[in-house]
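Undergrad: Numbering (our numbering), first residue to last: 212 to 919. Glycine included, C-beta positions come from ideal geometry on N, C-alpha and C. One structure follows; several queries about it will come next.
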């Protein structure tokens, strides 16, 4: 076995080990170190000096021996040395209660008389802070916020021997962030909070609180976005810095007012035609309001106000789209309800009323905006007439004549109803048709027409219509006279009423026939001594005629369809009154008087011829009246001869009459005018020649010859 080693020294630098130094023993390959504490011991094999025995208890007295070892065995233990292990290191509990302090605490260490704690920045900057204490805690203050510090602590015993040290790195909590700014985004109701970075801060938390509502945002950068904010809310915004040591104090609260909420309870009223009143409920944090009103034709107007209502001008028949926004410094409220309001349609214009018949009126008007339906109301007479249609025209029928009507055209829309303030139009119907009560004859060519007046302030026009033409008379009363109607004409008589409102229908026609016309020309021709022919021109309207010749000696009458008549039993040389009655088909009679008629004087009797000397002939007759003048005519083949006696004589002479001829002798009264009478009896005489002179005068009548 090798020799016994000799310990030079033994000491303890750590609380769980003792280091031994000895002189080397020749031939020894290993050494065994033994630390004994009472009955317990700890052995360690080492190669050479120095060697350390570990696993010991702190602040404990040990007996230290060394034995050398080789292949031959172990040597005897060396003389022992007594060595006490140093104190155990205090186990630190470190925290940073504020951004500029670190608090250190530990549990009591066995056999420790005091403790030494030192602190310095881990980056080596600044000075080392050291404190000795017999307590088990202490605080370092006035430190840099957010800075990493290295803390070393150890305990010493009563002899001042330091024990193990304990090192701990601790960062101070961060300082309060500064220059906090809040940027509010009104479009999406979120806020971006930013600040200056704080030394030593690893993370930041942003707290946005309003009452019981708290919103948080955590970030490692110097800004943070807080979403889902509520409108019309006021928030307190604070920022806290964090690191592994703890948190800073929150920053002073920054006030954040969000945009106002969209106004609610929006109502629209048309307080009077043409004026819209828009009102709404007050909005929290709303400083002022803007109302936008856009009409369906694209025109938009707006109103700024700090109140909760606005007035707008409106037009009939438009639809308005209305939105209300609230504003404050944060911006504009979100879009709320968009209301639409349709005003009542306009009252129809360009009103026109035209009568298409006496009791039917066609009403037309121009179309208006917003109207889906039109109603025409005619008030007057005994009630109200209604007409509803989508067209811009309406026919009102069964109107009462001579009646004023107030006609109003209303327009309707499904959204708003009717235009209730449309002005009526006054229209009067035409007068009622008059009823002819009587037609009477007042005089020659004068007809009186009477009717039942049934209108006020009307002018009545009576018309007689016939082939002869038109005749009129007018009156504001109940009768008028038709003047100068032609005779022998048929008329249809009707009456109408006129007023500023128009003209009535004609009354029922009454037939009227005027008396037949008297013939203009009447000619009397005496055919024979007792027969007279009367002829006349046609009397218009006459169908038959009655002619009469009347004298004290008697009367001659003829009733005929013709325009001539032969009247017999006429007394010659008599004055007659001539009358004619023209009678129409219906029995109307016109009595016509003409100039008196005198029948011709009576024909003479006893006509004879006597021979005279010097080839002459005397014609002799017996006159019916000595005051009548006669004329004698002889007609023969050798010539015609005549003679007229002096007044009062009943014969006349014809000289130098040729003989040897047959003569027709006619003696007839002389008329004042007109042709000679030829109806007196004619006698035929033969005048013979005797030698160179007139011979016998022979009367030939019915083959009889009479010799004179």
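1) Using a 10 Å radius around the Cβ and a threshold of 16 neighbouring Cβ atoms, would you call residue 554 buried or exposed?
2) What span of residues does the beta strand (DSSP E) with residue 785 cover, start to end?
3) Pick helix, strand or coil for residue 401, following the three-state DSSP scheme.
4) Assign residue 780 to one of two classes, buried (16 or more other C-beta atoms within 10 Å of its C-beta) or exposed (fewer than that).
5) What's the C-alpha gap between residue 300 and residue 279?
6) The beta strand (DSSP E) with residue 500 in it runs from where to where?
7) Given 8 Å as the limit, is there contact between the region 284–293 and the region 364–371, that is, 3 or more CB pairs closer than that?
8) Just how far apart, CA to CA, sit residue 264 and residue 227?
9) The beta strand (DSSP E) with residue 343 in it runs from where to where?
10) Measuring straight from C-alpha to C-alpha, what distance separates residue 858 and residue 869?
11) Which residues in the same chain have their Cβ closer than 6 Å to the Cβ of residue 687, if we skip the five residues on either side of it in sequence?
12) So what does DSSP say about residue 914, is it helix, strand or coil?
13) Is it true that the CB of residue 468 sits closer than 8 Å to the CB of residue 967?
14) Locate the beta strand (DSSP E) running through residue 849, then write down its first and last residues.
15) Is DSSP giving residue 314 helix, strand or coil here?
16) Using the rule of at least 16 other Cβ atoms within 10 Å of the residue's Cβ for burial, across every protein chain shown, is residue 412 buried or exposed?
17) Excluding the 5 residues flanking residue 202 on each side, which residues of the same chain have their C-beta closer than 8 Å to its C-beta?
18) How many Å lie between residue 642 and residue 604 at the Cα?
19) To the nearest angstrom, report how far apart residue 587 and residue 621 are at their CA atoms.
20) Shortest alpha-carbon distance to residue 736 belongs to which of 746, 793 and 651?
21) Spatial neighbours of residue 382 within its chain, please: C-beta separation below 8 Å, excluding the five flanking residues on both sides.
22) At what residues does the beta strand (DSSP E) containing residue 862 begin and finish?
23) Check the DSSP bridge columns for residue 576 and list the partner residues they point to.
24) Let me check understanding here. Comparing Cα to Cα, which of 872, 828 and 391 lies closest to residue 447?
25) Would you kindly check if the distance between the Cβ of residue 771 and the Cβ of residue 787 is under 8 Å?
26) Using a threshold of 8 Å, state whether the C-beta atoms of residue 571 and residue 608 are closer than that.
27) By DSSP, does residue 548 sit in helix, in strand, or in coil?
28) For residue 868, name the three-state secondary structure that DSSP assigns.
29) Spatial neighbours of residue 407 within its chain, please: C-beta separation below 6 Å, excluding the five flanking residues on both sides.
30) Quick check: what's the CA-CA separation for residue 355 versus residue 338?
31) Is residue 430 near residue 461, with beta carbons less than 8 Å apart?
32) Have a look at 231, 266 and 627 and flag the residue whose alpha-carbon is nearest the alpha-carbon of residue 289.
33) Between the beta-carbon of residue 585 and the beta-carbon of residue 615, is there less than 8 Å?
34) Use the C-beta contact count for residue 838: other C-beta atoms within 10 angstroms, 16 or more gives buried, fewer gives exposed.
35) For the beta strand (DSSP E) holding residue 521, just list the boundary residues, first then last.
36) Checking the sheet assignment: what are the DSSP bridge partners for residue 744?
TA: Reading from the atomic positions:
1) buried
2) First-last for residue 785: undefined, no H or E at that position.
3) strand
4) exposed
5) 33 Å
6) 499–506
7) no
8) 8 Å
9) 340–344
10) 27 Å
11) 670
12) Reliability fails at residue 914, whose pLDDT of 32 lies under 50, so the model's placement of it is uncertain and no value is given.
13) Residue coverage of the chain in this structure runs from 212 to 919, which leaves residue 967 outside it and unanswerable.
14) No beta strand (DSSP E) contains residue 849, which DSSP labels as neither H nor E.
15) strand
16) buried
17) As shown, the chain starts at 212 and ends at 919. That puts residue 202 outside it, with no answer to give.
18) 24 Å
19) 6 Å
20) 746
21) 307, 357, 358, 359, 360, 411, 454, 455 and 456
22) 862–865
23) According to DSSP, residue 576 bridges with nothing at all.
24) 391
25) no
26) yes
27) coil
28) coil
29) 389 and 390
30) 12 Å
31) no
32) 231
33) no
34) exposed
35) 520–524
36) 736 and 777
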